[in-house]
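Just so it is clear: in the sequence shown, position 120 is 120 by full-length UniProt numbering, and no numbers are missing. Backbone N, C-alpha and C fix where the C-beta goes; we use that ideal spot for every residue, glycine too. Quick caveat: nothing in here was measured; it's all calculated off a predicted structure. Right, one structure below, let's go through it.
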Amino acid sequence: MVDRAGQRTWEAQTTSYGRIRLGQGTRAECPFRFQGQYEDVETGLYYNRFRYYAPQEGMYISQDPIKLAGGSAMYRYAHDSNRCIDPLGLAESVYQLVDSNGKVIYYGITDRKPQARVNEHRKAGKQFDHMEVIAENLTHDQARSLEGGLIRNRLAERIGDYGIDDSIETKLQKSGLLNKNRGREIGRWNPTDPLTDVPRLKKTKILRPNCK
Numbered sequence: 001m002v003d004r005a006g007q008r009t010w011e012a013q014t015t016s017y018g019r020i021r022l023g024q025g026t027r028a029e030c031p032f033r034f035q036g037q038y039e040d041v042e043t044g045l046y047y048n049r050f051r052y053y054a055p056q057e058g059m060y061i062s063q064d065p066i067k068l069a070g071g072s073a074m075y076r077y078a079h080d081s082n083r084c085i086d087p088l089g090l091a092e093s094v095y096q097l098v099d100s101n102g103k104v105i106y107y108g109i110t111d112r113k114p115q116a117r118v119n120e121h122r123k124a125g126k127q128f129d130h131m132e133v134i135a136e137n138l139t140h141d142q143a144r145s146l147e148g149g150l151i152r153n154r155l156a157e158r159i160g161d162y163g164i165d166d167s168i169e170t171k172l173q174k175s176g177l178l179n180k181n182r183g184r185e186i187g188r189w190n191p192t193d194p195l196t197d198v199p200r201l202k203k204t205k206i207l208r209p210n211c212k
């Protein structure tokens with residue numbers, strides 16, 4: 001941190017698991033730690049929305065609120081912060097939900113494990129057979145643009161199935177999609193031709209819900 005004159009007032013280094021070593025200033029001057037974390041200086045724990053994180057141990061002090069949907073280690077911080085890093089923000093996947101007849105009924109993106117996301121869809125009541133991950137390790141812009149491109153491509157293919165005065169949601173329903181909107185607006189696509197320019201997997205990854 002720097003003051004108005006540009007002089008450094010606070011500095012710290014962190015370990016892979018977020019424990020800090022001060023170089024200048026006090027802990028209370030800047031309580032912000034890793035993304036979404038706020039340190040309670042009295043306990044040394046980091047408040048992380050739904051639970052507290054213990055940087056000395058490198059784990060949470062309570063179970064993951066989504067239980068086993070987030071993996072078998074319900075107290076861990078991330079998956080492996082020594083090896084699994086994402087300095088460029090290339091962490092999003094684009095997927096499609098497919099019904100028992102092999103028809104795509106939904107397009108979406110996720111920045112978490114696809115297995116957790118497919119379980120969420122099942123718990124939310126969506127009826128489908130499986131998920132297919134069609135692209136991964138994308139930036140947020142790439143993922144949102146590809147998602148929007150796929151949805152609009154379906155609308156174009158099924159243009160004869162809906163009326164010009166139908167609502168967007170109705171057009172999507174008549175096009176066979178469960179999506180509620182068309183995704184990112186065309187003017188904000190980056191790249192501008194995502195169906196061609198966003199890299200996709202040569203072979204989709206198929207996942208099925210493993211929850212009740």
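| query | result |
| --- | --- |
| Candidates 21, 95, 156: which alpha carbon is nearest residue 207's? | 95 |
| Measure how close the beta-carbons of residue 135 and residue 199 come, nearest whole angstrom, since I'm counting them as under 8 Å. | 7 Å |
| Going by C-alpha distance, which of 58, 13, 142 is nearest residue 27? | 13 |
| On the CB-based measure, 16 or more other CB atoms within 10 Å of its CB, does residue 103 come out buried or exposed? | exposed |
| Suppose only complete runs of 4+ residues qualify. What are the alpha helix (DSSP H) ranges in the stretch 114–165, listed by chain order? | 114–123, 140–157 |
| The beta strand (DSSP E) that contains residue 177, what's its start and end? | Taken as a continuous stretch (DSSP letters only), residue 177 belongs to no beta strand (DSSP E), as it is neither H nor E. |
| Go ahead and label residue 194 buried or exposed: buried means 16 or more other beta carbons lie within 10 angstroms of its beta carbon, across all protein chains shown. | buried |
| Under 8 Å: do the stretch 36–55 and the stretch 1–20 share three or more Cβ pairs, one atom per stretch? | yes |
| Check whether the Cβ atoms of residue 151 and residue 177 lie closer than 8 Å to each other. | yes |
| In whole angstroms, give me the CA-to-CA distance for residue 23 and residue 9. | 10 Å |
| Grouping DSSP H, G and I as helix and E and B as strand, with all else coil, what is residue 27? | helix |
| Who does residue 14 pair with in a DSSP beta bridge? | 20 |
| Short check: CB of residue 139 to CB of residue 185, under 8 Å? | no |
| Going by beta-carbon coordinates alone, are residue 168 and residue 153 separated by less than 8 Å? | no |
| Using DSSP with H/G/I as helix, E/B as strand and the rest coil, what is residue 201? | coil |
| Applying the 10 Å Cβ sphere with the 16-neighbour rule, what's the burial state of residue 127? | exposed |
| How long is the line joining the alpha carbons of residue 108 and residue 147, rounded to whole angstroms? | 6 Å |
| On the criterion of 16 or more Cβ atoms from any shown chain inside 10 Å, does residue 105 qualify as buried, or is it exposed? | buried |
| Less than 8 Å between C-beta atoms, sequence neighbours within five positions excluded: which residues of the same chain meet that for residue 203? | none |
| DSSP three-state call for residue 170: helix, strand or coil? | helix |
| Pull up the DSSP beta-bridge partners for residue 207, would you. | 131 |
| Buried or exposed: where does residue 149 fall if 16 or more other Cβ atoms within 10 Å of its Cβ makes it buried? | buried |
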